[in-house]
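Let me begin by presenting the structure, written as structure tokens, before commenting on it.
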Amino acid sequence: MPTYHSKCPCGALCLEVTGEPVHNHVCTCTRCQRESGGVLRHNAWFREEDVRLASGRYSVWYPQGESSPDIMKAFCPICGGGGFSRSGTYLPGAVVIAAGTFASSSFPAPDHVHWWSDRPHWIDLSVGIERCPGN
């Protein structure tokens, strides 16, 4: 069973996850775009019992207008990163972790895209785009 480590940008908040995601997708809804600051957000759901706080602490934000009281967003109080949340009624008993916080080339690829109709007009995942190797 794999173990993954999620960290915020400053490294203060670290989560350890044992096991594979129970749900793994990219989302292009406007809420995910705004929350992530990007046009795509890679979300991975894990069983709550498979996620543990390895180090640090987190602050919690409750989005206004939510219909489910168990939806919450958590983040590092130092840098604001390290996003994870409760999934509410969508997948009860699951913790949603922003897959980019794992920063691992071995992390499983998403298997589908949610809210395809909300994506920016230029995103077409079936068409290849330039892939830059980095600095």
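Counting from 1, position 43 in the sequence shown corresponds to residue 54 in my numbering; the numbering is continuous, with no gaps.
Quick reminder that beta carbons are idealized off the backbone N, C-alpha and C, glycines included.
Taking just the CA atoms, how far does THR14 sit from GLY30? Roughly 6 Å between the two C-alpha positions.
Distance check for TRP127 and GLY67, CA to CA, integer angstroms please. For the pair GLY67 and TRP127, the Cα-to-Cα distance works out to about 35 Å.
So which of SER70, GLY104 and GLN44 has the shortest CA-CA distance to ASP61? Answer by Cα proximity: GLY104.
C-beta atoms of VAL107 and ASN35 nearer than 7 Å: Taking 7 Å as the Cβ cut-off, VAL107 and ASN35 do not qualify as a contacting pair.
Would you report the Cα separation of LEU102 and SER117, rounded to the nearest angstrom? Cα to Cα, the separation comes out at about 24 Å.
What are the boundary residues of the alpha helix (DSSP H) that includes GLU46? For GLU46, the enclosing alpha helix (DSSP H) covers residues 41–47.
Separation of LYS18 from LEU24, as counted between CA atoms: Pairing LEU24 with LYS18, the inter-Cα distance amounts to about 6 Å.
How long is the line joining the alpha carbons of TRP72 and VAL33, rounded to whole angstroms? Their Cα atoms are separated by approximately 24 Å.
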